[in-house]
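Chains as they are written, first to last, in the numbering used here: chain A, 1 to 288; chain B, 1001 to 1308.
This report concerns only the one structure given below.
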């Protein structure tokens, strides 16, 4: 029974992780840029939901709809103005660029919101669902379902829509896509915007479960790293599998080794995966 | 090589005169600058010469700091503790390098980035040995005054910087440096032409680890108190890269000049914008990457126009 409960906890957590990682993985795969800002975008999305609920009583599920266009615009503009200038530069420079931007954003949040932990508490609380002895907090359950739905939407966008197919085409072969009339610069900006959107939209979901702090950006970023490596780069199903796998591994790891070793465990997993199976669990570089 | 060595000898001698000014503030600044210089030069082995985007500086620095501190706590004399810390970081870098240096590009960058996080968590949970999150106090010698102590650590850091510089100068002009530059330009081609790429890369990584680790050990003795988030700070990794980029990657004097410029800027920012200093640091990094990716010496100054 206990292991079933832990498995359920892990899957609920994993659904949220999938949503965190999907956008990060997309940007990494298509632009070949590691977006260090991703973690801070998530935190910023969390603050948006917190203040929307505290000031105007807007439910976090609704504030996702506000966050999505805002973060898309933010990502689009950021890519068009700054990151695009360095797109073909060596790894070191693109990494340093997003790292520098992240320092600015997280310092800005620290000044604006202070380092105190903030917790979004729904009033009245949604309660706990009891499924044959397995307790599931309803807010977490909803958050997971929404997170998986968002990830599914991204998958549909990439596999069905015209712009999605163009993104996948650029991912497969930039030159060929450009020859077929795809505006690569625009696709890059849209992709970065989508990545920011996914981060900003998962912020409100995480805010319902975890306390928000400007300092938790790197924690989410670390999770995104691990999931990308677990599931394989640049593929939405990969992020889904990787996220769920990490959620389950973390839950059982906390049971067996103690919660203080969660980070060590997941990063050891990352290094082992990189060494022995760098293509990810699905075993191929995904094209969404 | 002889010209560089001579120039460096003059430079280090000039820096050795700083304590004569007798000002504690400048002495602290000088010690920090030398420490930054060592970290930057250590990164230069793997990042500048071999072109591998390593973010492991913080891991080596922290490991060295804790190794030196724990050794001293167990009664090992200071100088020996520093040597041990350097040796441990060297061995750690060898093992880590054999595993990680098979990766390239982003994958290597990320794998090296998380090493510091893992070490920090391990140190955090090994409370018996390291004091965990409470940090670790180092013994303070009773027979020394504050002034003589800060002078002592300045010269210790200066000696380490000189040794690191000599090693880098030797490596740049030896077969090792040649092989590493080949790897940077085209690793597959270098491999095909008979360069033992694994050996060369691991050797560069070991040198990088040993010097960064020794710098960490001296730092721990100097400040008398260390804690995991302080010495395993990922900013050390980033600063190393920024300093080398500032001074010009792969060159002999680049890391030292980069460290001097970076520290001056950092000190100005610290003094004037304490609240937002990481943000201003971020802005500096962004501007550097966007406008001067080849270092300050690539600036197009009016009197250098026409020169390549």
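The C-beta atom is built at its ideal place from N, Cα and C for all residues, glycine as well.
The structure displayed is predicted, hence computed values, not measured ones.
Mark residue i as exposed unless 16 or more other C-beta atoms lie within 10 angstroms of its C-beta, in which case mark it buried.
i, result
"residue 160 of chain A", "exposed"
"residue 1129 of chain B", "exposed"
"residue 1196 of chain B", "exposed"
"residue 1211 of chain B", "buried"
"residue 107 of chain A", "buried"
"residue 1093 of chain B", "buried"
"residue 1308 of chain B", "Bear in mind that a pLDDT of 42 at residue 1308 of chain B, under 50, signals an unreliable position, so the model cannot answer this."
"residue 1201 of chain B", "buried"
"residue 102 of chain A", "buried"
"residue 1140 of chain B", "exposed"
"residue 276 of chain A", "exposed"
"residue 1044 of chain B", "buried"
"residue 94 of chain A", "buried"
"residue 1275 of chain B", "exposed"
"residue 1017 of chain B", "exposed"
"residue 1117 of chain B", "buried"
"residue 260 of chain A", "exposed"
"residue 1112 of chain B", "buried"
"residue 46 of chain A", "buried"
"residue 79 of chain A", "buried"
"residue 55 of chain A", "exposed"
"residue 1002 of chain B", "exposed"
"residue 1148 of chain B", "exposed"
With a CB to CB cut of under 7 Å and the five nearest residues on each side skipped, what residues in its chain are close to residue i?
i, result
"residue 140 of chain A", "12, 209"
"residue 1069 of chain B", "1136, 1138, 1220, 1226"
"residue 164 of chain A", "157, 158"
"residue 26 of chain A", "191, 194, 195, 234"
"residue 1267 of chain B", "1029"
"residue 4 of chain A", "134"
"residue 1294 of chain B", "1248"
"residue 147 of chain A", "15, 16, 18, 19, 202, 205"
"residue 1156 of chain B", "1218"
"residue 86 of chain A", "93, 94, 97"
"residue 43 of chain A", "109, 203, 212, 214, 216, 217"
Residue i versus chain B: which residues are under 8 Å apart at the beta carbon?
i, result
"residue 357 of chain A", "Only positions 1 to 288 of chain A appear in the structure, and residue 357 of chain A is not among them; the question remains open."
"residue 102 of chain A", "1282"
Give the interface partners of residue i over in chain A, defined as CB-CB distance under 8 Å, in chain order.
i, result
"residue 1290 of chain B", "82, 85, 86, 97"
"residue 1183 of chain B", "Within 8 Å Cβ-Cβ: nothing; residue 1183 of chain B doesn't reach chain A, min ~14 Å."
"residue 1286 of chain B", "82, 97, 100, 101, 104"
Under 8 Å Cβ to Cβ from residue i, same chain only, skipping five residues before and after it: list those, please.
i, result
"residue 30 of chain A", "167, 170, 171, 187, 188, 191, 234"
"residue 1304 of chain B", "Reliability fails at residue 1304 of chain B, whose pLDDT of 46 lies under 50, so the model's placement of it is uncertain and no value is given."
"residue 180 of chain A", "169"
"residue 1187 of chain B", "1104, 1197"
"residue 1253 of chain B", "1004, 1007, 1008, 1247"
"residue 1270 of chain B", "1277"
I want to check one thing, is the minimum distance from the CB of residue i to the heavy atoms of the ligand SAM below 7 Å?
i, result
"residue 8 of chain A", "As for the ligand SAM, it is missing from this structure, which has no ligand bound."
Going along the chain, which residues of its own chain have a beta-carbon closer than 6 Å to the beta-carbon of residue i, five neighbours each way excluded?
i, result
"residue 142 of chain A", "none"
"residue 243 of chain A", "14, 17, 18, 21, 227"
"residue 1051 of chain B", "1184"
"residue 1161 of chain B", "1034, 1037, 1038"
"residue 1179 of chain B", "1195, 1200"
List, in chain order, every chain B residue whose beta-carbon is nearer than 9 Å to that of residue i.
i, result
"residue 260 of chain A", "1121, 1124, 1125"
"residue 271 of chain A", "1099, 1100, 1111, 1114, 1115, 1118"
Which residues of chain B have a Cβ atom closer than 7 Å to the Cβ of residue i, listed in chain order?
i, result
"residue 264 of chain A", "1118, 1121, 1122"
"residue 240 of chain A", "Chain B residues near residue 240 of chain A: none, gap ~20 Å exceeds 7 Å."
"residue 274 of chain A", "1103, 1107, 1111"
"residue 191 of chain A", "Neighbours of residue 191 of chain A on chain B: none; closest Cβ ~16 Å, over 7 Å."
"residue 267 of chain A", "1114, 1117, 1118"
Below 8 Å on the Cβ atoms is my contact criterion, and I expect residue i with residue j to pass it. Report the Cβ-Cβ distance as a whole number of Å.
i, j, result
"residue 1123 of chain B", "residue 1059 of chain B", "Wrong, their Cβ atoms sit about 11 Å apart, outside the cutoff."
"residue 50 of chain A", "residue 118 of chain A", "5 Å"
"residue 98 of chain A", "residue 184 of chain A", "Residue 98 of chain A to residue 184 of chain A, Cβ: 20 Å. No contact."
"residue 1065 of chain B", "residue 1234 of chain B", "The pair is not a contact, with the Cβ atoms about 15 Å apart (cut-off 8 Å)."
Find the residues of chain A that neighbour residue i, judging by a C-beta separation of less than 7 Å, and give them in chain order.
i, result
"residue 1241 of chain B", "92, 96"
"residue 1296 of chain B", "In chain order: nothing, as chain A lies at least about 15 Å away."
"residue 1053 of chain B", "91, 92, 95"
Proximal residues, the segment 1249–1281 of chain B versus chain A, C-beta separation under 9 Å
Within the segment 1249–1281 of chain B, the qualifying residues are 1249, 1275, 1276, 1277, 1278, 1279, 1280, 1281.
Short of 8 Å Cβ to Cβ, which residues in the segment 25–49 of chain A face chain B?
So the list reads 28, 32, 34, given in the order they occur along the chain.
Pull out every residue of the segment 1111–1145 of chain B whose Cβ sits closer than 7 Å to any Cβ of chain A, in chain order.
Per Cβ criterion, the list reads 1111, 1114, 1117, 1118, 1121, 1122, 1125.
Could you list the residues in the segment 215–238 of chain A with a C-beta less than 7 Å from some C-beta on chain B, going in chain order?
So the list reads 222, 225, given in the order they occur along the chain.
The segment 1228–1239 of chain B: which residues have C-beta closer than 9 Å to a C-beta of chain A, in chain order?
Taking a C-beta cut-off of 9 Å against chain A, the contacting residues of the segment 1228–1239 of chain B are 1234, 1235, 1238, listed in chain order.
Short of 7 Å Cβ to Cβ, which residues in the segment 1070–1100 of chain B face chain A?
Within the segment 1070–1100 of chain B, the qualifying residues are 1099.
Against chain B, which members of the segment 108–122 of chain A pass a CB distance test of less than 7 Å?
The residues in question are 108, 111.
Members of the segment 160–191 of chain A that neighbour chain B once the beta carbon cut-off is set at 7 Å:
Legend: CB atoms of the segment 160–191 of chain A lying less than 7 Å from CB atoms of chain B are not found in any residue.
Residues of the segment 1010–1033 of chain B with Cβ closer than 8 Å to any Cβ of chain A, in chain order
Here the close residues number zero.
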